[in-house]
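In what follows, a structure is listed as structure tokens, so that the remarks can point back to it.
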Amino acid sequence: MTIKNIVALLLATTFSFQVLAQQSAAYTSNLVDYQKALSLYNNQQYLAAQSLFRNVKKTANEEVLLSDCAYYIANCAVRLNQQNADGLVEDFVKDYPTSTKRNTAFVDVGDYYFENSKYAHAKKWYDKVNESALGRNEREKFYFKNGYAAFSTKNYREAKKNLSRVENSQEYGSQAKYYIGFMAYEGDDYDKANEYFDQVSDQERYQEKLSYYQADLNFKLGNFEKAIKLAEDRLETSDDTEVSELSKIIGESYFNLKQYKEAIPYLKAYKGKRGRWNNTDFYQLGYAYYKQANYDNAISEFNKIVDGRNAIAQNAYYHLGESYINLDKKQEALNAFKNASEMDFDLKIQEDAWLNYAKISYEIGNPYQSAPQVLAGYLDEYPNTPYKEEIETLLIDSYITSKNYKEALKLLEGKKNFENKVAYQKVAFYRGIELYNETQYQEASLLFDESLKEPRDPKYTARTTFWKAETDYNLTNYEDALIGFKQFQQQTHSASTPEFENIDYNLAYTYFKQKNYPKATEYFNQFIQNKKEDKVRLNDAYLRLGDGHFVTSQYSNAINAYERAIALNEIESDYPFFQKAISVGYSGNSSKKISELETFIESYPKSKLRDDAMYELGNSYVKANETDKAMAIYNRLSNEYRMSSFVPKALLRQGLVYYNGNQNEQALTKFKRVAGDYPGTPEAVQAVSTARLIYIDLGRVDDYAAWVRTLDYVEVTDVDLDNATYEAAEKQYLDNNTDKAIKQFNGYLNEFPNGIHSLQSHFYLAQLYYKKDLLGNAAPHYKYVVEASQSEYTEEALSRLSQYYLESKDWNQATPLLLRLEQEASFPQNVIFAQSNLMKANYQLENYNDAVAYAEKVLTNSKIDNKIKSDAYIIIARSAIKTGDQEKAKDAYAKVQKVASGETAAEALYYNAYFKNKEGKHEASNKSVQKLAKDFSGYKYYSAKGLVLMAKNYDALGDAFQATYILESVIENFKEFDDVVSEAKQELSRIKGEESKTNSSIEIEEGN
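Residue 1179 is where the sequence shown ends in my numbering, and the numbering goes up by one at each step.
Right, here's the structure in full:
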């Protein structure tokens, strides 16, 4: 080897040593820093440790040192809760797959999360661990922690798998058994739970928790006495929440042992889940009170069960009904039994509930269905019930007592047995009476015919015969009416009926309408002899008796009858006074007639007959040759009663006086005024005829011809044909040949539209159509009469035409006609008709002040009947409601209640309940609603409104069940009344919202 080579070798060796020396120093430095970082890590100074581990990792080259640093950097990130912690762990596993700390990393991270009670995170990392790489002690610890993490995250299947592996472990066995037992308990495997709990019951650390679970387990296993002992032993050392749960266990255990008295204090001590009970909790306490006969408290608990739709709720509602019955609260019981009867969880309870529901419906009425419907429904559902005979008896009677005759008729249709036919006879009769009172005579007549087809009860056969005749009378079928009244009079049981009292009066009137005055006076006399106490009818009988004598020219008898009517002074005496004066004249005492008419005019300044009297007085002056007085009184008549039908007559009379006195020009002036102002009237025709004679006498035929051409109702060349055609039609009318008369009057009007008798023809044609109930056909003819000049037909035409518009609800057309009728009518009944309908029309047109004014005007008449009185009060009441005058409405509805019948009475009774509710008199309000349900169940609208009111009352009284059940029933049963259903839904939502705060069983619909 050369020197050069030796030197080179030495140099190389020296350099290599220096490099190795440098590397060794760096490695040593890294190890020192690594140890410092590890010390910081073990002292839980994770941030400083992580920083130092990172510095070491930057300079280290050794694989082991690099992997260990990566492990601890990731481990620190986990403990520092850094966002990238999971990623660092994943990177460590990926970058150093051969590291011995790989499995340990998963365990350590899992343990860290476990120790910090982040069990879901822990489970994630435990799932990555390779179990086989763990030592025996580590494995037991791992199985327990992994099992407990699964348990805490409710992954019971995984938890049971891991914990079962260590249930025999000395260190972890007791805990594992406790948690396995708890999972069995949660899974309702009570036997297994008991088995595991028993194995750890001797350990003090579990005794506190196990005492509750074991008490509950024994309760659930039916070991009630043991459950009571365990729970009672635990009570003193428990907190409030556990005391509540233990009290529930004790209370329910006593309940199941039927020791209800002992159960009550513990059931009451239960606080509920999150401060709320459920329906079962309320049921148990309520039933315990029920079994102790403490019905008030039973009701208080049962009626908190709202929205119940299961066997417990059905049982609760049934016993709620029983509790109410024991306290004689039948309306409340009705709702409870109805609810129980609508559920089929327990069929025996359902049947018993329905039976009770049916019986109570019969006793107090039913606002949802008619009592007959409920009773019949029960028999249909349970045809073999042992109560069949009793319910059938109630059913028959209920058809009558419910007064819901319309519905009863539907139910009775097709029922063939004898008892049902007896009921049908009575129900058809009462329904006919209802229709008669509503002036629906045609429909009433049909019902009376139906009743007479089943002549089972002779008393009702007699009564129906009478009312059938009364209906025929109102339909102007006087011949049929007469036959019917006579048949009634001859029937055996008629004398025991209320109708018999006035049969002579009815017969007399029927004869009177047939113009058989001798027979009419005979029966009026019989009535007068027997009925001294009925002053109103007696007064009317004297008047008609006087009229009968008057038209048969028996004037002294007429005077006597009129004087007796005046002496009674029961109604306005102007009519008999006037008729007496006329009769005096006809009896030949002209001067007395004049003096009495003069007295009449001064004594009765507001009489509707005053214009009649003036006309008659004028005529009497003419006969007595006191023409100046006659002309003065005729002028007075024309000035004071411009719309009177006697004005054209008076003008015609004045013309005739002038004509007879050869004052032709003055006569022509009067005649022309009559012809021009009252075209088409009989007076106008006569005026033209007399004027013609004057023009001929004066030789001024051309003037007559020119004048008469201006009068379109005079067709001079066709007078004879006109008269002949009219007289033919009139004969059919007088002979009561209705269809022929209609045909011939129509023929006359087609041939002579402006004929001499067109006014009479239109009127008679209207009357004929009216008789046939063809009001639409009659209306244009009445309209012609109304629009023509004032005549003797105007008043009745106004009455009938306004009636047509009223029935058509055309208030705007009816109102001006009624205003005219009020001013122009001679008959008091027509004035009342006008005023009573003006109040109704104004109400419909929302003219409430005018409506009330007319109602008050009507009520000033002391002779109106109860129907008109109730209509007047109801208008005042409704107007007051519309205008917000509650006090006035209350007063008016109270008056309505005293005189009304039918739907008006139902409305008044509803408002009676309404105002009591407003005053806070909730129980009194409910009594009014109950009466409404019993007496007026046929008027569904007010039944529905009354039920909503009842629900509000029960809510105010703290009875949530009644309130919510009633409202739900309204929503279900009265869908046709949108306003009522809307209010019911609003109330139901409000009440449920309040009740849900204390009852977890109540579900509030979304949006409510």
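Using N, Cα and C, we set each Cβ at its ideal position, and we do this for glycine too.
Computed from a predicted model, the values in this text were never measured in an experiment.
Note that the segment 1134-1142 does not touch the segment 444-462; fewer than 3 beta-carbon pairs, one per stretch, sit closer than 8 Å. Excluding its 5 nearest sequence neighbours in each direction, Arg627 has C-beta neighbours in its own chain below 7 Å: Lys592, Val593, Gln596, listed in chain order. In the three-state scheme derived from DSSP, where H, G and I count as helix and E and B as strand, Asn213 is classed as helix. Between Leu930 and Ala900, the C-beta gap is not smaller than 8 Å, which leaves the two residues out of contact. Between the C-alpha atoms of Ser1072 and Lys1061 there is a straight-line separation of about 18 Å. The DSSP-derived three-state label of Lys444 is strand.
Within the segment 659-718, the complete alpha helix (DSSP H) runs of at least 4 residues fall at 674-684, 688-701. The residues Val845, Tyr849, Thr852, Glu854, in chain order, have a CB closer than 6 Å to that of Pro819 in the same chain once the five nearest residues on each side in sequence are set aside. Counting every other CB atom within 10 Å of its CB across the protein chains shown gives Ala482 a total below 16, marking it as exposed. Phe659 sits away from Thr681, with the two beta carbons spaced by 8 Å or more. Less than 8 Å separates the beta-carbon of Asn474 from that of Asp1130. Per DSSP, reduced to three states, the secondary structure at Asn1170 is strand. Contact annotation: the segment 1003-1021 touches the segment 979-989, with at least three C-beta pairs closer than 8 Å. Here the alpha carbons of Leu1118 and Phe1086 stand approximately 15 Å from one another. Under the three-state reduction of DSSP, Ser409 is assigned to coil, being neither helix nor strand. Out of Ala1026, Glu357, Lys1034, the CA that lies nearest to the CA of Ile1045 is found in Ala1026.
Counting only residues of its own chain and dropping the five nearest sequence neighbours on each side, Asp782 has a CB closer than 7 Å to the CB of Leu808, Tyr812, Ser815, Phe817. Taking C-beta atoms as the reference points, Gln521 and Ser512 count as a pair closer than 8 Å. Sequence-distant Cβ neighbours of Lys509 in its own chain, meaning closer than 6 Å and more than five residues away, are Tyr528. Scanning Ala256, Glu978, Leu305, Lys294 for the CA closest to the CA of Lys272 turns up Leu305. Rounded to whole angstroms, the separation of the alpha carbons of Asn1097 and Glu413 is 43 Å. One thing to note: Ala487 has its Cβ within 8 Å of the Cβ of Gly479.
Inclusion of Ala1048 and Tyr1082 in the CB contact set at 8 Å is warranted, their separation being smaller than that value. When secondary structure is reduced to three states using DSSP, Gly826 falls in the helix class. In the displayed model, Val477 falls within coil according to three-state DSSP, outside both helix and strand.
Exclusion of the five residues before and after Ala219 leaves Leu211 as the residues of its chain whose Cβ lies within less than 7 Å of its Cβ. Non-local beta-carbon contacts of Tyr875 in its own chain, meaning distances under 8 Å to residues more than five positions away in sequence, involve Ala862, Arg863, Tyr866, Ile867 in chain order. Going by DSSP, Tyr314 is part of the alpha helix (DSSP H) stretching over 307-323. Taking Pro669 as the centre and dropping the five residues before and after it, the same chain places no C-beta closer than 7 Å to its C-beta.
Considering only Thr896, Leu428, Lys501, the residue with the shortest C-alpha distance to Ile927 is Thr896. Secondary structure at Gln611: coil, using DSSP grouped into helix, strand and coil. Pairing Leu1030 with Ile1003, the inter-Cα distance amounts to about 10 Å. Between Tyr425 and Glu416, the CB-CB gap reaches or exceeds 8 Å. Of the candidates Asn1001, Ala1134, Asp944, the residue whose Cα lies closest to the Cα of Thr610 is Asp944. Restricting attention to Lys462, Gln455, Lys501, Asn497, the CA atom closest to the CA of Ala484 is found in Gln455. Membership of Gln430 in any alpha helix (DSSP H) is not indicated, and neither H nor E is assigned to it by DSSP.
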